[in-house]
Amino acid sequence: MTKILMVCLGNICRSPLAEGIMRSKLTSDDVIVDSAGTANYHIGNSPDKRSVSVAKKYGINISHLKGRQFNISDFDAFDMIYAMDESNFKNVIALARNDEDITKVKLILNEVYPNQNYNVPDPYYGGDEGFEDVYKMLDEACNIISEKLH
1 MTKILMVCLG NICRSPLAEG IMRSKLTSDD VIVDSAGTAN YHIGNSPDKR
51 SVSVAKKYGI NISHLKGRQF NISDFDAFDM IYAMDESNFK NVIALARNDE
101 DITKVKLILN EVYPNQNYNV PDPYYGGDEG FEDVYKMLDE ACNIISEKLH
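Given below as structure tokens:
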């Protein structure tokens with residue numbers, strides 16, 4: 001069984017969207033997908049209504065997800081940890097206990113643009129179009145990840 005964790009800052013915009021998109025591409029129960037934030041701002045909260053809306057537009061329901069904070073035990077629980085941007089990548093790496101933990105952490109857009117270290121922009125303070133753009137970026141990355149899993 002493969003376990004994937006999507007990580008952003010608050011776990012209400014990008015990472016729950018990535019979690020929903022990734023789940024929608026899986027045809028097997030052999031993969032578990034979850035999401036978390038590096039900050040504790042939105043623990044227990046539902047995803048941002050704009051993330052819920054853009055996901056729904058593409059037939060994905062993420063409204064039931066609840067925000068949680070990344071913790072050290074996630075290194076043991078997950079095989080792959082995808083950070084949405086460099087800041088959250090650094091926050092996760094800072095908690096790593098060893099090289100094995102570090103090798104699990106990747107920037108998600110490096111799946112599309114290897115070694116370019118592009119960030120998925122945080123759409124929280126922008127308009128609705130930012131959520132659409134983020135959806136498209138994550139959809140492309142999740143396509144590649146799901147192909148690698150098959």
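Counting in UniProt numbering, the sequence shown runs from 1 upward without gaps.
All C-beta atoms in this analysis are idealised placements derived from N, C-alpha and C, irrespective of residue type, glycine included.
Bear in mind the structure is a predicted one, so any value in this text is a computation, not a measurement.
Chain-order list of residues whose beta-carbon lies under 6 Å from that of residue i (same chain, five-residue window excluded)
| i | result |
| --- | --- |
| Cys142 | Ile21, Met22 and Lys25 |
| Ala96 | Ile102 |
Among the options, the one whose alpha carbon lies nearest that of residue i
| i | options | result |
| --- | --- | --- |
| residue 153 | Ile43, Glu100, Tyr118 and Tyr135 | The question about residue 153 has no answer, for the chain in this structure spans 1 to 150. |
| Val52 | Ile62, Ile93, Thr38 and Gly44 | Ile62 |
| Met84 | His150, Met137, Ser146 and Thr2 | Met137 |
| Tyr124 | Gln69, Asp74 and His42 | His42 |
| Lys56 | Asn45, Gly126, Ser87 and Phe131 | Phe131 |
| Asn110 | Glu129, Glu86 and Glu100 | Glu86 |
| Met1 | Lys49, Met80 and Ser73 | Met80 |
C-beta contact flag for residue i and residue j at 8 Å
| i | j | result |
| --- | --- | --- |
| Leu9 | Asp133 | no |
| Asn11 | Gly59 | no |
| Val112 | Ile144 | yes |
| residue 207 | Leu149 | An answer regarding residue 207 cannot be provided, because it is not within the stretch 1 to 150 covered by the chain. |
| Gln69 | Asn98 | no |
Neighbourhood of residue i by C-beta, 7 Å cutoff - its chain only, sequence neighbours within 5 removed
| i | result |
| --- | --- |
| Pro16 | Ser35, Pro47, Ser51, Ile62 and Leu65 |
| Phe89 | Ala83, Val105 and Leu107 |
| Asp128 | Arg50 |
Residues near residue i in its chain [Cβ-Cβ closer than 8 Å; skip 5 each side]
| i | result |
| --- | --- |
| Phe78 | Lys3, Ile4, Leu5, Asp34 and Lys104 |
| Glu19 | Met6, Val33, Asp34, Ser35, Ile62 and Leu65 |
| Ser146 | Met22, Lys25 and Leu26 |
| Cys13 | Pro47, Asp48, Arg50, Ser51, Asp122, Pro123, Tyr124, Phe131 and Val134 |
| Asn115 | none |
Where the alpha helix (DSSP H) containing residue i begins and where it ends
| i | result |
| --- | --- |
| Ala18 | Arg14 to Lys25 |
| Asp122 | From DSSP, Asp122 is part of no alpha helix (DSSP H); its letter is neither H nor E. |
| Asn88 | Glu86 to Ile93 |
Integer Cβ distance of residue i from residue j, believed to fall under 8 Å
| i | j | result |
| --- | --- | --- |
| Asn71 | Thr38 | With a Cβ gap of about 10 Å, Asn71 and Thr38 do not count as contacting. |
| Lys106 | Tyr135 | Actually they are not in contact, since the Cβ atoms of Lys106 and Tyr135 sit about 20 Å apart, beyond 8 Å. |
Range covered by the beta strand (DSSP E) that runs through residue i
| i | result |
| --- | --- |
| Tyr82 | Met80 to Ala83 |
| Ile145 | Element bounds for Ile145: not the beta strand (DSSP E) but the alpha helix (DSSP H), Asp128 to Leu149. |
| Lys3 | Thr2 to Cys8 |
| Val31 | Val31 to Gly37 |
| Val105 | Val105 to Leu107 |
Beta carbon proximity, residue i to chain D, threshold 8 Å
| i | result |
| --- | --- |
| Thr103 | Absent from the structure: chain D. Only one protein chain is present. |
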